[in-house]
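Novice: Shown below is the structure under consideration.
Chains as they are written, first to last, in this note's numbering: chain A, 1 to 263; chain B, 1 to 258.
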């Protein structure tokens, strides 16, 4: 592992995170480092706990045990007001965009500024215009989410996530439901905005191996643990058996009952 | 099935029930606390006052009119058997103000605005819009639930008043205008026999029903399961539960306030 895996330099670091839902141990000792200014992608088979992990990182869920440090703040035990201070540091792109469907694109993107800052109308309008331009949606201010394609909704949602100029961007399967061309465009856009706004990005994705092209680091989750965690080259070189099977789309080892059924 | 496992099941059922009851109460407490805490969402409150209150005016007025007309008809028919048509105004007004006004107005608003509210909040839950609010450091209960509960508590007494006034007028139009009950006695009876306490009883009920309907409908929407049937189920159970709670709490309120 390289020096960036020290938790000192990391924007987000997770130690031994555990969470149980009913009888199911969904997170069973997750360790993760997301160094500043890099894109870390979390991959793994469906149901491995990727999305649940992300919901712990954005403080929607609390773990049973373990430590999450975001920008040098231990967040697992924070009360709601202190949680909100941490949340101001990050933007989040949800799987389906989660745009407010009662509002226009402009109002959606402006929403965090209108609700949480004292900026004037003109300042907000200027910031929205600039951000929409960054995601390639200039001129679409007055559209409603229902009038836009899935890819455009994701762009608008990305603009909303970026509007407060966060340090950290979290993305939950940003390319689900998009065709390969749109997927590629969104990947490029994420890379581009990450560089433009100097972001630390954490992404959950199904798009292997396409997603490796523009990720700096990869964490492979399997049965609630991070089986692999390192740079793309390190992870590819590790020759981890389950990871290789996952990449090749073979079921054995990933999901034993399924594999048994297939035999 | 062994005795132990059936006892276990009963225990799990009781614990589940108590947990959701606790959630239900905490939900209202949070909504009320956040309603009092800045930042005050005046714009959102006004929008909800419009959705729950102003947009229900016509429907509530219409139901009030026909309820009053039926009371005029039935009341006249019954009272004339005892030769006491003069009491028609008193009967119509007291029945409306104390009982039918608050209850029927609340049932109508639960069906109209409550169901829409449960569906709206439910689909926001299903599409992660509520999570998006949380992640943006905006409290979803303060943003979505508090203005609705507040708007309910403000609009229900107003809608009930509208219902009562139009209802009494409807009763007068049928009882006096159509059936020929004495006009003077109609209004005299109301003036002499309806006390401030009667009116207050109706208003207290409207306040409580407003709280209950908004509480139930927001809670059901907020806890909708994240799928299409989850939203439809939430909408149905919001209307059914709020109607049942209106009628149950009406009995207890009446017995306390009588």
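Where is the CB? At the ideal position from N, CA and C, for every residue including glycine.
For clarity, every value in this text was computed on a predicted model and none was experimentally measured.
Which whole-angstrom value is the C-beta distance of residue 169 (chain B) and residue 17 (chain B), which I expect to be below 8 Å?
Specialist: For this step, residue 169 (chain B) is matched to residue 169 along the second chain. For this step, residue 17 (chain B) is matched to residue 17 along the second chain. At roughly 46 Å, the Cβ-Cβ gap does not stay under 8 Å, so residue 169 (chain B) and residue 17 (chain B) are not in contact.
Novice: Scan the region 76 to 114 of chain B and note each continuous alpha helix (DSSP H) run of 4 residues or more that stays entirely inside, going in chain order.
Specialist: Entirely contained in the region 76 to 114 of chain B, the alpha helix (DSSP H) runs reaching 4 residues are, in chain order, 88 to 95 and 101 to 109.
Novice: Taking 8 Å as the cut-off, does the region 68 to 83 of chain A touch the region 225 to 237 of chain A (at least 3 CB pairs, one atom from each stretch)?
Specialist: Cβ pair count under 8 Å is below three, so no.
Novice: What's the call for residue 131 (chain B), buried or exposed, on a 16-neighbour Cβ count within 10 Å?
Specialist: Within the second chain, numbered from 1, the residue matching residue 131 (chain B) stands at position 131. Looking at its Cβ environment, which holds 16 or more other Cβ atoms inside 10 Å, residue 131 (chain B) is buried.
Novice: Under 7 Å between C-beta atoms, does residue 191 (chain A) make it to chain B?
Specialist: Here the question's residue 191 (chain A) lines up with position 191 in the first chain. False, the Cβ-Cβ gap to chain B never drops below 7 Å.
Novice: Residues in the region 132 to 149 of chain B with C-beta within 7 Å of chain A's C-beta atoms, listed in sequence order?
Specialist: Listed in sequence order: 132, 134, 135, 136, 137 and 138.
Novice: From residue 122 (chain B) to residue 76 (chain B), what does the alpha carbon distance come to, in whole angstroms?
Specialist: One-based indexing of the second chain puts residue 122 (chain B) at position 122. One-based indexing of the second chain puts residue 76 (chain B) at position 76. Their Cα atoms are separated by approximately 47 Å.
Novice: Assuming residue 199 (chain A) and residue 168 (chain A) form a contact by the criterion Cβ under 8 Å, report the distance between their Cβ atoms to the nearest whole angstrom.
Specialist: Locating residue 199 (chain A) in the first chain gives position 199, where the first residue counts as 1. Locating residue 168 (chain A) in the first chain gives position 168, where the first residue counts as 1. About 7 Å separates the two Cβ atoms, so the contact holds.
Novice: How is residue 12 (chain B) classed by DSSP in three states: helix, strand or coil?
Specialist: Numbered from 1 along the second chain, position 12 holds the residue referred to as residue 12 (chain B). Residue 12 (chain B) falls in the helix class under three-state DSSP.
Novice: DSSP on residue 25 (chain A), reduced to helix/strand/coil?
Specialist: For the purposes of this step, residue 25 (chain A) is taken as residue 25 along the first chain, with counting starting at 1. Three-state DSSP puts residue 25 (chain A) in a strand.
Novice: At a Cβ threshold of 7 Å, is residue 87 (chain A) touching chain B?
Specialist: Here residue 87 (chain A) is taken as the residue at index 87 of the first chain, counted from 1. It does: the Cβ of residue 87 (chain A) has a partner Cβ on chain B nearer than 7 Å.
Novice: With 7 Å set as the bound, which would you pick, yes or no: does the beta-carbon of residue 84 (chain A) sit closer than that to a beta-carbon of chain B?
Specialist: Counted from its first residue, the first chain places residue 84 (chain A) at position 84. By this cut-off, residue 84 (chain A) is an interface position.
Novice: Between B:147, B:255 and B:243, which lies nearest to residue 111 (chain B) when the distance is taken from Cα to Cα?
Specialist: Residue numbering aside, residue 111 (chain B) sits at position 111 when the second chain is read from its first letter. Minimum Cα distance to residue 111 (chain B) is reached at B:243.
Novice: When the cut-off is 7 Å and only beta carbons count, does residue 128 (chain B) lie next to chain A?
Specialist: Translated into the one-based positions of the second chain, residue 128 (chain B) becomes position 128. Yes, residue 128 (chain B) lies at the interface with chain A (some Cβ there is under 7 Å from its Cβ).
Novice: Kindly list, in the order they appear in chain B, the residues whose Cβ is closer than 8 Å to that of residue 274 (chain A).
Specialist: Only positions 1 to 263 of chain A appear in the structure, and residue 274 (chain A) is not among them; the question remains open.
Novice: Taking its Cβ as the centre, do 16 or more other Cβ atoms sit within 10 Å of residue 43 (chain B), making it buried, or is it exposed?
Specialist: Counting from one through the second chain, the residue named residue 43 (chain B) turns up at place 43. Answer is exposed; the Cβ neighbour count stays below 16.
Novice: Here's the rule I'm using: 16 or more other beta-carbon atoms within 10 Å means buried, otherwise exposed. How should residue 155 (chain A) be labelled?
Specialist: In the first chain, residue 155 (chain A) corresponds to position 155, counting from 1. Answer is buried; the Cβ neighbour count reaches 16.
Novice: Using only alpha-carbon positions, find the residue among A:134, A:141, A:136 and A:186 that is nearest to residue 125 (chain A).
Specialist: In the first chain, residue 125 (chain A) corresponds to position 125, counting from 1. Looking at the Cα atoms, A:141 is the closest of the given residues.
Novice: By the criterion of Cβ-Cβ separation under 8 Å, what are the contact partners of residue 280 (chain A) in chain B?
Specialist: Coverage of chain A is limited to positions 1 through 263, which leaves residue 280 (chain A) absent and any answer about it impossible.
Novice: Taking residue 61 (chain A) as the reference, give the member of A:26, A:113 and A:243 with the closest Cα.
Specialist: Counting from 1 along the first chain, the entry for residue 61 (chain A) is found at position 61. Minimum Cα distance to residue 61 (chain A) is reached at A:26.
Novice: For residue 90 (chain A), report the span of its beta strand (DSSP E) as first-last.
Specialist: Here residue 90 (chain A) refers to the residue found at position 90 of the first chain. Residue 90 (chain A) -> beta strand (DSSP E) spans 90 to 93.
Novice: CB-CB under 8 Å to residue 5 (chain A), same chain, minus the five flanking residues each way: which ones, in chain order?
Specialist: Here residue 5 (chain A) corresponds to residue number 5 of the first chain, with the count starting at 1. Bear in mind that the predicted position of residue 5 (chain A) carries a pLDDT of just 42, short of 50, making it unreliable; the figure below should be weighed with that in mind. Excluding positions up to five away in sequence, the list reads 33, 35, 229 and 230.
Novice: Whose C-alpha, out of A:177, A:45 and A:53, is nearest the C-alpha of residue 15 (chain A)?
Specialist: Looking up residue 15 (chain A) in the first chain gives position 15. Looking at the Cα atoms, A:53 is the closest of the given residues.
Novice: Would you tell me roughly how many angstroms separate the C-alpha atoms of residue 263 (chain A) and residue 42 (chain A), rounded to the nearest one?
Specialist: In the first chain, the residue the question calls residue 263 (chain A) occupies position 263. In the first chain, the residue the question calls residue 42 (chain A) occupies position 42. Annotation note: pLDDT 48 at residue 263 (chain A) (below 50); position unreliable, no value reported.
Novice: So, under 8 Å CB-CB, residue 234 (chain B) and residue 156 (chain B) are touching, yes? Tell me the CB distance rounded to an integer number of Å.
Specialist: In the second chain, counting from the first residue as 1, residue 234 (chain B) sits at position 234. In the second chain, counting from the first residue as 1, residue 156 (chain B) sits at position 156. At roughly 22 Å, the Cβ-Cβ gap does not stay under 8 Å, so residue 234 (chain B) and residue 156 (chain B) are not in contact.
Novice: Using a Cβ cut-off of 7 Å (strictly closer), state whether residue 100 (chain A) contacts chain B.
Specialist: Your numbering for residue 100 (chain A) matches position 100 in the first chain. Yes, contact with chain B.
Novice: Would you say residue 115 (chain A) faces chain C, with C-beta separation under 7 Å as the test?
Specialist: Absent here is chain C; the protein component of the structure consists of chains A and B.
Novice: For residue 188 (chain B), report the span of its alpha helix (DSSP H) as first-last.
Specialist: Walking along the second chain from the start, residue 188 (chain B) turns up at place 188. From DSSP, the alpha helix (DSSP H) with residue 188 (chain B) extends over 183 to 193.
Novice: Judging by CA-CA distance, which residue of B:27, B:10 and B:6 is the nearest neighbour of residue 211 (chain B)?
Specialist: Counting from one through the second chain, the residue named residue 211 (chain B) turns up at place 211. Answer by Cα proximity: B:27.
Novice: Counting C-beta neighbours from all protein chains within 10 Å, is the total for residue 203 (chain B) 16 or more, i.e. buried, or is it exposed?
Specialist: Residue 203 (chain B) sits at position 203 when you count from the first residue of the second chain. Buried, because 16 or more other Cβ atoms sit within 10 Å of the Cβ of residue 203 (chain B).
Novice: Give me the Cα-Cα distance between residue 230 (chain B) and residue 222 (chain B), rounded to the nearest whole angstrom.
Specialist: By 1-based counting over the second chain, the position of residue 230 (chain B) is 230. By 1-based counting over the second chain, the position of residue 222 (chain B) is 222. Their backbone Cα atoms lie some 11 Å apart in a straight line.
Novice: Assign residue 264 (chain A) to one of three DSSP states: helix, strand, or coil.
Specialist: Examination of residue 264 (chain A) is not possible in this model, given that chain A is present from 1 through 263 alone.
Novice: I believe residue 138 (chain A) touches residue 99 (chain A) by the beta-carbon criterion, under 8 Å. Please report the beta-carbon distance rounded to the nearest angstrom.
Specialist: Here residue 138 (chain A) refers to the residue found at position 138 of the first chain. Here residue 99 (chain A) refers to the residue found at position 99 of the first chain. Not a contact, Cβ separation roughly 17 Å.
Novice: From what residue to what residue does the alpha helix (DSSP H) around residue 227 (chain A) run?
Specialist: As a working note, residue 227 (chain A) is residue 227 in the first chain. Where residue 227 (chain A) is concerned, there is no enclosing alpha helix (DSSP H), although the beta strand (DSSP E) it sits in stretches over 225 to 231.
Novice: Could you tell me the distance, in whole angstroms, from the CA atom of residue 117 (chain A) to the CA atom of residue 11 (chain B)?
Specialist: Here residue 117 (chain A) refers to the residue found at position 117 when the first chain is read from its first residue. Here residue 11 (chain B) refers to the residue found at position 11 when the second chain is read from its first residue. C-alpha separation (whole angstroms): 49 Å.
Novice: Measuring alpha carbon to alpha carbon, tell me which of B:39, B:54 and B:183 ends up nearest residue 162 (chain B).
Specialist: For the purposes of this step, residue 162 (chain B) is taken as the residue at position 162 of the second chain. Minimum Cα distance to residue 162 (chain B) is reached at B:54.
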